[in-house]
Structures are given as structure tokens and as C-alpha cells.
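Each residue of the sequence shown is one higher than the last, beginning at 405 in my numbering. Glycine residues also receive a C-beta, built at the ideal position from the N, C-alpha and C atoms. Presented below is the structure to which this report refers.
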Amino acid sequence: MSFALAAAAVWAAGITLSNTTDVLDKRFKLGAALGGLILLAVATNLPEIAITLSAALQHNLDLAIGNILGGIAVQTLVLAALDAFGLGRRAALTAASGSLTRVLEGTLVSAVLMGVVMGAQLPGTAVLGRLEPGSLLVALLWGVGLWGIGRARKLPWHLDGPPSEAAPQAAEQGQQGDAPMSTRRAALGFTFAS
């Protein structure tokens, strides 16, 4: 019973996170892909952050790294399952979003994962000040990747040519049937759901 209640709470929080991230993306002009990569990724990875931090503080680095790699593997499995079953669409989920941003996001995940694995292979004595080179590499890859993705949003690269101007506006008007949510309410809702 408690598992079912917890699952329902997580499901409701996920819906709230999705809706409020949408509002915050538009208000801060992040774009759905970059907002999801920053806001939603941090919120949904809070349990992994807690587990990894706890494991690292207890010097259980294998658990910390395994948790990170396992999280990436499960998220990739979810995407593969959605692609396989298509959610009632004729095309796979990833094929339906012909965007350079998605390609760069996938590349960023692979690069960060590569940095984690490479850093784990370094000897324990490889420390610069109090930081390991692998940690610096991951932070550098993440920062450069986010910068590159933000810049790529301005490029006109799409699978089926340039996107139509009317389609996003119509979709946005359809979503705004109710009164628009304030930025403050969206931020509070996002924080609470996180």
C-alpha cells in the first residue's frame, strides 16, 4: 500500500515538474530541450545525487559510479522502450524530433559518461589540489556542452527543413486554455514537486 501511495506521489510530482518546467522554459527563454536538460534533469536526479554523495562520503566509490552509470543506462532503456513501442505514433520517438539539439544532447551525455569512466580509471594519487582530473573533465565537458547546445538552438538545422512558425504558436495557444501560470507559482510548484 505504501509503495502504491509513493508511486502515485512520484507520478503526480512528475506531471507537476513537466508542466512547471514548460512554463519556466518559456519565461526564461531556455527552450524545451535546454530547460529539460538543466531544470528537469537536476530535479529528477535528486535521488541519484543524494545516493552518489552519500556513497562518496563513505568512500564507496564503486557504488557512487555504479549509481551514475546505472541511472544513465535505465534512462536510455526507457527511451529505447518508447522508441520500440512508439506511444501510438507511426515513427519512433527519437526519429520524430529531428533536431540538432537532440543530437548534441546525446553527444553530451556520451561525453560526460566517457569522462566519468576515464576518471574512474585514474590512480588515486592523481589529484590536482583537492580535485581529481576526472571531475574537472566532467565539469568542463558539461559546461562546454550546455554552452554549445544553447548556441546550436539558433542554427536552422532540422530533419525536415525549417520548422513552421504557425505550428508552435497554435500549440502554445492550445496549451494556454486556462489563465497562464505566473513565474513565481511555476518556480514554487517546481521546487515543491522536486
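- In terms of Cα proximity to Leu434, the closest of Leu473, Gln462, Trp551 is Trp551.
- Below 8 Å, too few C-beta pairs join the stretch 529-545 and the stretch 586-595 to call them touching: fewer than three.
- Note that the stretch 469-486 touches the stretch 451-459; at least 3 beta-carbon pairs, one per stretch, sit closer than 8 Å.
- Here Gly533 is exposed, its C-beta having fewer than 16 other C-beta atoms within 10 Å.
- Rounded to the nearest whole angstrom, the CA to CA distance from Gly440 to Thr425 is 7 Å.
- No residue range can be given for Gln525, since it is assigned to no alpha helix (DSSP H) and is classified by DSSP as neither H nor E.
- Ser598 carries a coil assignment under DSSP once its states are collapsed to helix, strand and coil.
- Take the alpha-carbon of Val482 and the one of Lys430: they are about 26 Å apart.
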